[in-house]
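A short worksheet on the structure shown next.
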Amino acid sequence: MSPDDLIAKHFQPNPLQVKALERLNMATLGDLLYYFPFRYGDQVEEKLIEELQTGDEAVVYGKVVKAGVSKAWKKKIPMGEVVIEDATGRIKAVWFHQAYLAKKVAVGQIARLQGKVLARRGGGAERKKERYLVNPEIESANGGALDGQSLFQKDGGVGGASNFLIPVYSETRSLSSSWFHHHLKKILSGGAIDKLVDPIPTKLLKKYNLPGLATALVWIHSPKKESDALAARKRFAFQEIFFIQLSRLQAKQTYQQQASHKFKTSKKTISDFTKRLPFKLTSAQSKAITQITSDFDSGGPMTRLLEGDVGSGKTAVAVAASAAVVQAGLEVAYMAPTEILAKQHFESFIDYFNSPTGPDATAGANTQVGLITGKGCYKFPSKIWHGPDATAGVRYTNISRAQLLKWVANGEIPILVGTHALITKTVKFKKLGLVIIDEQHRFGVMQRAKLARKNEETVPHLLSMTATPIPRTLALTVYGDLDLTLLDEMPAGRKAIITKIIREDGREIAYKHIQQELEKGRQAYVICPRIDEPDPTKALALRAKSAKSEQVRLQEKIFPKFDVGLVHSKLKPADKAAAMEEFTEGDADILVATSVVEVGVNVPNATVIVIEGAERFGLAQLHQLRGRVWRSNHQAYCYLFTDTGGKKSLERLKALQTAKNGFELAELDLALRGAGELNPSTSSGSGRKARQWGLSDLGMEAIKNIKMVEAARTEARELLSADPELKRHPLIHQKLADQKTNETHWE
Ligand code: ADP
Ligand code: MG
47 MSPDDLIAKH FQPNPLQVKA LERLNMATLG DLLYYFPFRY GDQVEEKLIE ELQTGDEAVV
107 YGKVVKAGVS KAWKKKIPMG EVVIEDATGR IKAVWFHQAY LAKKVAVGQI ARLQGKVLAR
167 RGGGAERKKE RYLVNPEIES ANGGALDGQS LFQKDGGVGG ASNFLIPVYS ETRSLSSSWF
227 HHHLKKILSG GAIDKLVDPI PTKLLKKYNL PGLATALVWI HSPKKESDAL AARKRFAFQE
287 IFFIQLSRLQ AKQTYQQQAS HKFKTSKKTI SDFTKRLPFK LTSAQSKAIT QITSDFDSGG
347 PMTRLLEGDV GSGKTAVAVA ASAAVVQAGL EVAYMAPTEI LAKQHFESFI DYFNSPTGPD
407 ATAGANTQVG LITGKGCYKF PSKIWHGPDA TAGVRYTNIS RAQLLKWVAN GEIPILVGTH
467 ALITKTVKFK KLGLVIIDEQ HRFGVMQRAK LARKNEETVP HLLSMTATPI PRTLALTVYG
527 DLDLTLLDEM PAGRKAIITK IIREDGREIA YKHIQQELEK GRQAYVICPR IDEPDPTKAL
587 ALRAKSAKSE QVRLQEKIFP KFDVGLVHSK LKPADKAAAM EEFTEGDADI LVATSVVEVG
647 VNVPNATVIV IEGAERFGLA QLHQLRGRVW RSNHQAYCYL FTDTGGKKSL ERLKALQTAK
707 NGFELAELDL ALRGAGELNP STSSGSGRKA RQWGLSDLGM EAIKNIKMVE AARTEARELL
767 SADPELKRHP LIHQKLADQK TNETHWE
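Written as structure tokens, this is what we have:
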């Protein structure tokens with residue numbers, strides 16, 4: 047029997063439910079079986095708002111009509127307040143100790159509240175009794191578990207009658223938690239799961255004391271006791287990490303079996319190059335360059351990830367590697383995630399290669415460098431450029447795409463920098479020797495693979511670079527296909543950034559200090575969480591400063607003597623580039639921006655960064671932002687403005703003061719908040735929850751457990767080395783080919 051027939055046999059979903067299933071990407075019974083509860087609780091009755099009685103412990107659903115933090119009735123402590131409504135009425139929920147919980151939902155969302163109903167006299171003329179929920183649990187109905195709440199909810203059991211655990215599933219329109227509970231129970235007791243084939247070898251189940259597939263499914267969906275649920279969750283976490291490891295390691299194995307350009311790099315090539323840099327390489331940079339050049343000489347293609355904190359000098363390493371490749375008569379493709387960065391790197395390459403002391407100053411011929419983005423193509427040098435010491439003259443020139451592609455294809459332009467435009471089919475190289483991907487977390491695995499396969503018979507070497515320090519367990523998993531090089535040393539003389547957490551009452555003093563820095567000729571960034579002024583009806587968003595209005599306010603009221611620029615993602619590319627240029631050239635003293643400046647922008651004269659609404663950003667992102675001012679030998683300052691009194695938020699922000707480097711911060715972040723926060727591309731507040739790093743919530747939990755990750759990795763490696771083609775493991779082979787870790791297989 048095929049799984050799809052099984053879905054039909056077990057229940058007939060109505061059209062709305064079919065739509066909801068599609069939305070969740072669930073086509074088979076297997077998909078449904080792998081839809082795990084995010085926590086377990088005692089059964090509490092669901093009620094309509096109208097039905098609520100004082101003293102009830104109940105679950106209600108409703109649309110959020112108000113959400114925010116205000117001052118409590120009598121005492122002046124912050125109080126969270128949310129009002130929801132359903133078809134029968136409205137009810138208010140209040141939080142006295144965890145006011146921030148009210149910010150977990152936004153107006154217009156559907157929320158699930160669970161808690162105790164109390165009543166008090168209203169303040170109105172009629173002094174009617176008003177019912178409200180006090181300190182309830184709150185979840186947006188399409189979201190997952192909230193932090194601070196454990197997997198097992200033990201309190202508030204109704205009369206102690208139920209002693210088994212009710213699974214709670216993340217809900218979506220038309221499919222409630224109890225719908226999943228009910229149907230999964232039916233499927234599990236129907237016997238179909240006995241026909242499931244366990245993808246994990248029995249040997250491993252025994253070795254790590256994990257339950258078999260059928261048992262684990264029963265235990266995770268309707269556990270009789272906590273330990274069963276935990277054992278099942280451990281098993282599925284292991285399964286997920288194990289299969290990711292297998293697929294990454296297999297990808298690496300396949301890639302490295304291909305032919306690649308093998309060449310020796312003379313010491314002279316590198317020393318000629320580094321001698322002319324305006325600084326001395328750090329020993330971490332030198333080591334990285336040595337590793338890379340020995341990869342070039344090893345026969346197989348390099349697949350290396352260069353991980354280094356912002357400002358650790360990854361560009362110099364990339365340029366040195368490029369010099370070696372160009373010297374060997376091959377070409378380099380350099381991909382950056384944004385136009386601003388592509389342009390900046392284009393200029394860096396020109397600088398590094400063609401400065402008065404650059405490698406070609408003696409060789410006579412200039413190394414040509416091309417730039418390709420969606421907006422246009424450029425080439426260095428231009429006809430009117432008179433050499434590196436010329437003071438006037440435009441260095442590069444705008445050329446047609448066709449012309450650029452022709453020159454790249456015949457090898458005349460050995461270095462091509464670009465955005466995604468580099469991946470398009472029409473871009474052909476003559477002998478592509480090296481692909482460099484900057485800020486590689488911004489690109490998917492597929493995009494990486496596409497660029498790396500540009501050259502058919504011989505694959506290029508691949509150098510990925512990232513400034514996002516992630517915990518080792520996560521790196522071992524998601525980057526399992528790459529060799530790791532760490533740039534764990536900052537250029538000499540860099541002073542640690544002084545980071546200050548500033549509450550509203552400290553604002554003026556902070557501005558005074560920023561003024562002093564500006565008067566010394568330094569520059570400052572001001573980062574705001576939003577572009578526009580929020581809709582005034584949305585209480586939740588009210589306090590976040592917007593870049594547009596902050597630019598006006600700072601210019602007119604706070605720093606009238608200075609020039610305040612503005613850049614955000616809704617600007618036209620030309621305006622964006624102009625604003626960036628003004629700041630880079632020093633014409634603007636302050637740049638107000640949204641987090642678009644997050645990645646890679648290099649303005650060494652900027653020594654101050656102010657982050658408004660700092661609690662709204664993830665730690666990793668804050669660290670990236672702070673890195674913008676970690677570029678010179680001047681003392682740099684980071685001001686984290688925050689308006690929450692939340693203990694958790696403050697604790698999180700304090701980690702930025704205590705962590706010595708990005709790697710330490712990443713580990714702290716993982717411990718404090720869960721790995722989700724580490725994902726720099728997660729946009730908070732968007733309705734659908736994206737899978738982070740390609741892992742499920744369960745997988746993300748597993749990342750906290752180094753032993754498990756290492757066990758999964760060891761087993762995956764051993765399995766592949768004993769059976770590289772997976773001939774003796776047809777099911778695993780099949781599963782990897784399916785590219786879906788949760789695919790089920792039936793007898
Ligand atoms: P990132 O690793 O964030 O990409 P960059 O390559 O942009 O860092 O380098 C940051 C700054 O540090 C640049 O201005 C660069 O010129 C400078 N730099 C790089 N390496 C060194 C070094 N060894 N000594 C001094 N300054 C350096
Ligand atoms: Mg960089």
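Take the sequence shown: its letter number 596 is residue 642 in the numbering used here, and every next letter is one higher. Every residue gets a Cβ at the ideal spot worked out from N, C-alpha and C, and that includes glycine.
May I have the straight-line CA-CA distance separating residue i from residue j, to the nearest angstrom?
i: V415; j: S340; result: 25 Å
i: Q331; j: L509; result: 14 Å
i: Q304; j: K750; result: 35 Å
i: T74; j: N255; result: 29 Å
i: E458; j: L451; result: 10 Å
i: I577; j: T640; result: 7 Å
i: S208; j: I156; result: Low confidence applies to S208: its pLDDT is 38, below 50, so where it sits in the model is not reliable, and the reading given next is rough at best. Taking the straight line from one Cα to the other gives about 28 Å.
i: R35; j: V106; result: The requested residue 35 does not occur in the structure, where the chain is confined to residues 47 to 793.
i: S767; j: R774; result: 12 Å
i: L387; j: T419; result: 11 Å
i: L724; j: V110; result: Summary for L724: the model assigns pLDDT 43, below 50, so the residue's position carries little reliability; its value from the coordinates is reported in the next sentence. Roughly 29 Å between the two C-alpha positions.
i: R136; j: V129; result: 7 Å
i: A145; j: I655; result: 29 Å
i: A164; j: V214; result: Reading off the sequence shown, one finds Leu at residue 164, where the question assumed Ala. Looking at the two C-alpha atoms, the distance is approximately 25 Å.
i: F475; j: K314; result: 27 Å
At a cut-off of 7 Å, would you count residue i as near the ligand ADP, judging by its Cβ distance to the nearest heavy atom?
i: F319; result: no
i: R553; result: no
i: V463; result: no
i: F709; result: no
i: P383; result: no
i: R677; result: yes
i: L869; result: In the structure as shown, the chain starts at 47 and stops at 793, and residue 869 therefore has no counterpart that could be examined.
i: K389; result: no
i: L665; result: no
Using 8 Å for Cβ pairs, my map puts residue i next to residue j. What's the rounded Cβ distance?
i: E661; j: T690; result: 5 Å
i: G526; j: R294; result: 3 Å
i: L718; j: A705; result: Rounded, the Cβ-Cβ distance is 11 Å, inconsistent with contact.
i: V675; j: A712; result: That belief does not hold up - the Cβ atoms of V675 and A712 are roughly 20 Å apart, past 8 Å.
i: V153; j: K93; result: About 23 Å; that fails the 8 Å criterion.
i: L62; j: S220; result: 4 Å
Determine the closest residue to residue i out of the options, with distance taken between C-alpha atoms.
i: V365; options: F319, L744, L387, G357; result: F319
i: Q681; options: V180, A570, K591, K773; result: A570
i: P460; options: I266, L376, L522; result: L376
i: S615; options: D609, A666, K93, S592; result: S592
i: V454; options: G479, V440, R441; result: G479
i: A625; options: Q449, G611, I287; result: G611
i: K694; options: D715, V675, K706; result: D715
i: L211; options: A238, R441, W265; result: W265
i: E103; options: H307, G708, G422, E183; result: E183
i: V572; options: Y685, A382, P427, F226; result: Y685
i: L530; options: Q337, T630, Q670, Y442; result: Q337
i: E485; options: H391, M754, Q562; result: H391
Evaluate residue i with the Cβ neighbour count: other Cβ atoms within 10 Å of its Cβ, from every protein chain shown; 16 or more gives buried, anything less gives exposed.
i: D633; result: exposed
i: P347; result: buried
i: R759; result: buried
i: G114; result: buried
i: P776; result: exposed
i: V598; result: exposed
i: T470; result: exposed
i: A283; result: buried
i: N400; result: buried
i: V473; result: buried
i: D240; result: exposed
i: F709; result: buried
Under the criterion of a Cβ to heavy atom distance below 7 Å, does residue i qualify as lining the ligand HEM?
i: A513; result: Ligands in the displayed structure: the ligand ADP and the ligand MG; the ligand HEM is not one of them.
Closer than 7 Å to a non-hydrogen atom of the ligand MG - does that hold for the CB of residue i?
i: K360; result: yes
i: D244; result: no
i: D355; result: no
i: D484; result: yes
Does the beta carbon of residue i come closer than 8 Å to any beta carbon on chain B?
i: F226; result: Protein chain content of the structure displayed is limited to a single chain, and chain B is not contained in it.
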